[in-house]
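If you count by the numbering used here, then the sequence shown holds residues 15 to 313, one letter each, in order.
Note that CB positions come from ideal geometry on N, CA and C, so glycine has one too.
Structure record follows, encoded as structure tokens.
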Amino acid sequence: MERKYVWIYSSYAVAALAVGLCFLVNRLRTAQRHEYRPEDLSAEYAAWGIDADGTKEFVPIPPHLPYNPIASRLGAEMFRSKRIGPGARSCTTCHPYSTGGADGRLHSGVFTRPAWNAMFGKYYLHDGSISNFPDLVRCMIEDRRFIGAGSLSNAISNLNADGRIRKRFEAHYGVGNFAGTNLVDSIVNFSCTLMTANGPFDRFCGGRDALDAERLAGFERFKERRCAQCHSGPSLGTRVITEDGVRVPSLRGLARRNVYQANGRLYTDLAAAVAMMPNSDFGDDDESRLSLLAFLRCL
15 MERKYVWIYS SYAVAALAVG LCFLVNRLRT AQRHEYRPED LSAEYAAWGI DADGTKEFVP
75 IPPHLPYNPI ASRLGAEMFR SKRIGPGARS CTTCHPYSTG GADGRLHSGV FTRPAWNAMF
135 GKYYLHDGSI SNFPDLVRCM IEDRRFIGAG SLSNAISNLN ADGRIRKRFE AHYGVGNFAG
195 TNLVDSIVNF SCTLMTANGP FDRFCGGRDA LDAERLAGFE RFKERRCAQC HSGPSLGTRV
255 ITEDGVRVPS LRGLARRNVY QANGRLYTDL AAAVAMMPNS DFGDDDESRL SLLAFLRCL
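Take a look at the structure:
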């Protein structure tokens, strides 16, 4: 009997210890949230042509990014080309222009993320495993989950069947420079044009009176609930990896999407997706909840 009681009391002690550890971890995480400081993006802002202090969380998407127009025109054709890989896929297969650069479909367990405003990201792919935009383009070309050429040299071999494409690349990059690195460079230059500048929130961040009363109230709710801890910078996201190992998506262009989660869960209702977020319980305060949704839809 004594052994039985020892076992019972030991179980209680272990349970109490586990609860105490959970409490301490939660307190630590809460403290970390309170100590949050905006990331200093001075170098990025300068490169993007954004005239703002590097720690400013809410900035407009710039009207344009530096890019080479000739390379961009080549990149636009490559973005649409179905010759790069072995199948009939192009970048526009999953990133169509008509839906803000995302088809809303599941690919290898992850929903397509928008191509628009992608240049402002820090992490790419759903798990943030790529942190360089040219590397992302190369992955899209080579990886079998996407275009699937296997390698840049294979992509060039596939495109080489069209002599016109070779001539256009060599006219810009030089004779003998129809190469995989220049294929990537052309698509990167084209991606600099895929932006949603001059929207209501951009005009508001630029000092103009561009948000109505409901959207302005929603922006206040957005700040009060510390959404900027994960959603800040020009893209309002893509710069944080969650504890679950998922890249925080951009909030830009929400009104043009029909899927809002990237981790394999299908949420086609923006209100349902928002309800999953931290600090998103409005209780019976429907006015605040609706104002936040109105704000998110104007981004």
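- Beta-bridge partners of phenylalanine 125 (DSSP): Leu120.
- Excluding five sequence positions before and after threonine 256, the CB atoms of its chain that fall closer than 8 Å to its own CB belong to Cys244, Val262, given in chain order.
- Proximity of the stretch 50 to 63 to the stretch 172 to 180 falls short of the contact definition, fewer than three beta-carbon pairs being nearer than 8 Å.
- Closest by C-alpha distance to phenylalanine 236, out of Asp65, Asn293, Gly213, is Asn293.
- With a contact defined as Cβ atoms closer than 8 Å, tryptophan 130 and threonine 210 qualify at about 6 Å.
- Looking only at Leu310, Tyr187, Gly213, the smallest Cα-Cα distance to serine 86 is reached by Tyr187.
- DSSP links tyrosine 138 through a beta bridge to Ile144.
- Taking C-beta atoms under 8 Å as the contact rule, phenylalanine 218 and alanine 224 qualify, at a distance of about 4 Å.
- The criterion of a C-beta distance shorter than 9 Å is satisfied by isoleucine 161 and isoleucine 155.
- When rounded, the separation of the alpha-carbon atoms in alanine 287 and aspartate 141 is 19 Å.
- Every unbroken stretch of the alpha helix (DSSP H) spanning 4 or more residues and falling wholly within the stretch 57 to 123 is given here in chain order: 83 to 94, 105 to 108.
- Counting along the chain, aspartate 300 sits inside the alpha helix (DSSP H) bounded by residues 300 to 310.
- Nearest Cα to phenylalanine 134 within the set Arg222, Ile84, Cys206: Cys206.
- Distance from methionine 92 to isoleucine 98 at the Cβ level is roughly 7 Å; contact confirmed, criterion being Cβ atoms closer than 8 Å.
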